[in-house]
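Remarks on the structure that follows.
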DNA sequence: CACACGTTGGCTAG
DNA sequence: CTAGCCAACGTGTG
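Residue numbers (the numbering used here): 252 to 808.
So, in structure tokens, the structure goes:
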């Protein structure tokens, strides 16, 4: 069922010369919304079908559609429209159906007399996707149905099962360093597949106005038609106003962006260092490719090889290296996927998640909503949250700041809540990456130095002393002098008046006092860590103190 | 067991 | 601008 690369190339050589068969096939687009480096689509073409139907199934759970906001919904629509357009250029088209794929696909198998179905294998371990694919697998062999399923993993540099088998009986690494070793042992990264120049036609008797791609987000059937919907969506035409997404959806834009922000900037690529990129830049200082990777408009292997070529072309003597280099960002991505895969169905939550420490977070809706709505009284935090709302993106370091603030730093709210909010708002929302980063920032897993805490005032001052970023995303503060832009509550009444603002009325006073509360929270973290150790049942003699001679001489009983 | 190190901290003294 | 400290971390290697 799961073809590997070798088998696929063998098929390519044996099948290409044979004449068209009488088979009919579906290529089921789920995540990889692209033609380039889409091995499952290539596999479909190499079956030489009489008819091939490219299908996308709009359901509430894939793409987190049930909970996503207008920005994300728009982005998906753009991806589908572009895909349809590119398919039509190659003699085909996209067929969009609405509803649960487990119900809809078997119907299509019957209607179109389908013999095989190809799709990108989902290895994330996400419960919804795993169950969906298991159910499809069962139905494909049920009764008179005999649909051959061909699934190929192509959303990571190596298939995750390759990492697992390389690792063998050894536990998977839970650090980036360990992962780098594993990646090297797993072998070289495969070259991407070229995009097909033409595709087998679907049955031309199907009317063009059937299975059409939605034209705008408000056309989407979800979540209006689902009783399971718990969250009020914001997809009305009103809600689509004043949104300025950082990128437009679709493979065409993805490849343009890859070219302009990466291929044509070899020196930028070769000297890229993630921690040096600026979270306060008014246009992204990073490549802006993340939404395309998360939706599968571009494959990680395509990006990986573009990076290799750019670095070579740059002639930079000492190009940056993982984990900070651009290549390193893709390594992080695979590492995160591997962890999600290994964690299984509890990945998104604290309970039962083997990579997540138990921390007794509070559940305070007032604080949570203040954070969500950019009303914490800390301009840097609030500006980030407003950028998320209007553009669907925040720089990685901005995400660090707001995630730390919500969890261990200041508000002591569960990372799960923050992760949910991000998932519904980020154009690059990604099951594996989003959770990994929340675990990291909340010091629940993979990162443990909870005594390193971001200040909601100090960190970004270095990069943006006059607060241009804040002025853009919080226009209410735009006229404040530089001196108070990060701490408006310190502005004297006269300055507030001059800036046309009253702190506490037009913009809130800080909802917590950072200096004090972050210290308290560190103690809470220490206690939580201690409790985890105790629960692990480490009996016997207490851990020896570090032999720092100076310190020991000072500490007396 | 010891040790080095970890993609991106803050603060203060010099 | 940099070094060193801060109560407080764990992983992976040797």
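Cβ atoms here follow ideal geometry from the backbone N, Cα and C, with glycine treated the same way.
Are the Cβ atoms of residue i and residue j separated by less than 8 Å?
| i | j | result |
| --- | --- | --- |
| residue 660 | residue 705 | yes |
| residue 288 | residue 444 | yes |
| residue 352 | residue 310 | yes |
| residue 710 | residue 425 | no |
| residue 304 | residue 367 | no |
| residue 669 | residue 684 | no |
| residue 715 | residue 531 | yes |
| residue 739 | residue 758 | yes |
| residue 417 | residue 291 | no |
| residue 286 | residue 500 | no |
| residue 562 | residue 573 | no |
| residue 513 | residue 441 | no |
| residue 646 | residue 692 | no |
| residue 597 | residue 604 | yes |
| residue 582 | residue 687 | no |
| residue 622 | residue 636 | yes |
| residue 751 | residue 730 | yes |
| residue 630 | residue 736 | yes |
| residue 496 | residue 643 | yes |
| residue 411 | residue 404 | yes |
| residue 627 | residue 447 | no |
| residue 449 | residue 344 | no |
| residue 419 | residue 400 | no |
| residue 772 | residue 612 | no |
| residue 333 | residue 502 | yes |
| residue 779 | residue 610 | yes |
| residue 508 | residue 539 | yes |
| residue 363 | residue 275 | yes |
Look up residue i in the DSSP assignment and give the residues it is bridged to.
| i | result |
| --- | --- |
| residue 307 | 280, 347 |
| residue 601 | Partner(s): none; residue 601 has no beta bridge. |
| residue 275 | 302 |
| residue 371 | 403 |
| residue 613 | 664 |
Could you say which of the options lies nearest to residue i if we only look at CA atoms?
| i | options | result |
| --- | --- | --- |
| residue 689 | 662, 653, 708, 722 | 653 |
| residue 300 | 686, 694, 451 | 451 |
| residue 283 | 274, 293, 275, 276 | 293 |
| residue 469 | 625, 418, 323 | 323 |
| residue 493 | 362, 638, 672 | 638 |
| residue 359 | 306, 572, 784 | 306 |
| residue 348 | 454, 464, 320, 431 | 464 |
| residue 338 | 362, 355, 296, 730 | 296 |
| residue 608 | 781, 434, 272, 788 | 781 |
| residue 436 | 642, 414, 428 | 414 |
| residue 471 | 433, 321, 779 | 321 |
| residue 776 | 674, 702, 526, 515 | 702 |
| residue 536 | 783, 407, 664, 649 | 649 |
| residue 554 | 765, 751, 407 | 407 |
| residue 718 | 439, 462, 568, 632 | 632 |
| residue 675 | 382, 319, 274 | 319 |
| residue 391 | 404, 365, 381 | 365 |
| residue 330 | 466, 341, 663, 340 | 466 |
| residue 355 | 458, 663, 785, 308 | 308 |
| residue 624 | 503, 383, 640 | 640 |
| residue 713 | 564, 528, 504, 764 | 528 |
I want to check one thing, is the minimum distance from the CB of residue i to the heavy atoms of the ligand NAP below 7 Å?
| i | result |
| --- | --- |
| residue 640 | In the structure on display, the ligand NAP does not appear, and there are no ligands present to speak of. |
Take every Cβ of the segment 310 to 327, pair it with every Cβ of the segment 677 to 695, and state whether three or more of those distances are shorter than 8 Å. Judged by pairs of C-beta atoms under 8 Å, the segment 310 to 327 touches the segment 677 to 695, as three or more such pairs exist.
What alpha helix (DSSP H) runs, 4 residues minimum, are completely inside the segment 505 to 581? Counting only runs of 4 or more, we get 517 to 521, 541 to 546, 551 to 565.
Does the segment 604 to 618 come within contact of the segment 723 to 730, defined as at least 3 CB pairs closer than 8 Å? With a cut-off of 8 Å, the segment 723 to 730 and the segment 604 to 618 do not count as touching, because too few Cβ pairs lie within range.
Going along the chain, which unbroken runs of the alpha helix (DSSP H) with 4 or more residues stay wholly within the segment 400 to 429? Counting whole runs of 4 or more residues, the segment 400 to 429 contains the alpha helix (DSSP H) stretches 411 to 418.
Quick one: complete alpha helix (DSSP H) runs, 4+ long, within the segment 691 to 776? DSSP runs (the alpha helix (DSSP H)) wholly in the segment 691 to 776: 719 to 724, 733 to 736, 744 to 749.
Could you tell me whether the segment 513 to 524 touches the segment 359 to 373, where touching means 3 or more Cβ pairs closer than 8 Å? Short answer: they don't touch.
Would the segment 540 to 550 and the segment 593 to 609 be scored as touching if the rule is three or more Cβ pairs under 8 Å? A contact is defined here as three or more CB-CB pairs under 8 Å, and the segment 540 to 550 fails this definition with respect to the segment 593 to 609.
The segment 453 to 460 touching the segment 410 to 427, judged by at least three CB pairs closer than 8 Å: The segment 453 to 460 vs the segment 410 to 427: no contact.
My parser needs the beta strand (DSSP E) runs of 3 or more residues fully inside the segment 632 to 656; what are they? Annotation note: the segment 632 to 656 contains no uninterrupted beta strand (DSSP E) run of length 3 or greater.
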